[in-house]
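This report concerns only the one structure given below.
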Amino acid sequence: MELCPSLQELAYTEGINQFVVKTQQQAWYIWYDSGRLEGLGWESFAAAHALKEHDAIVVTVANDLSLVAMVFDQDGCERTFHWYTDIETDAMSPHRGVH
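Right, here's the structure in full:
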């Protein structure tokens, strides 16, 4: 997922290479590189929320620089989250070691 310019500037200014993306239920550590969120954490977030084309993710930056996310479907309704039990533990760890 490509970040908006203001979040890219925040990452550059603060030297951020990883964001914590939170929903009401859970948090993911997601690598940031070249303007994009990517890697296992992003894949896990996308799968847990059953993201598909035309969905929208609205993020706000919390005081601790984490991103608080809300997912909306193409009709503008907030997504009912689809949780599953085999989310990779590494996706929720800040010490993954690889991009």
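Each step along the sequence shown adds one to the number in UniProt numbering, with nothing skipped, and position 73 is 73.
For every residue, glycine included, the Cβ atom is placed at its ideal position computed from N, Cα and C.
So, helix, strand or coil for residue i, using DSSP?
{"i": "R79", "result": "coil"}
{"i": "A27", "result": "strand"}
{"i": "residue 103", "result": "Since the first and last residues shown for the chain are 1 and 99, residue 103 lies out of range."}
{"i": "L40", "result": "helix"}
{"i": "P94", "result": "For P94, the pLDDT reaches just 46, beneath the cut-off of 50, and the residue's location in the model is therefore unreliable, leaving the point undetermined."}
{"i": "L10", "result": "helix"}
Assuming contact is defined by CB atoms lying nearer than 8 Å, are residue i and residue j in contact in what I supplied?
{"i": "V61", "j": "L10", "result": "yes"}
{"i": "residue 103", "j": "L3", "result": "Residue 103 falls outside the range modelled here, since the chain spans only 1 to 99, and no answer is possible."}
{"i": "Q26", "j": "D55", "result": "no"}
{"i": "G41", "j": "Y29", "result": "yes"}
Let me check you understand the geometry: is the CB of residue i closer than 7 Å to at least one non-hydrogen atom of the ligand COA?
{"i": "L3", "result": "As for the ligand COA, it is missing from this structure, which has no ligand bound."}
Return the bridge partner residues of residue i from the DSSP annotation.
{"i": "F72", "result": "A56, E78"}
Is the stretch 19-28 close to the stretch 64-77, with three or more CB pairs under 8 Å?
yes
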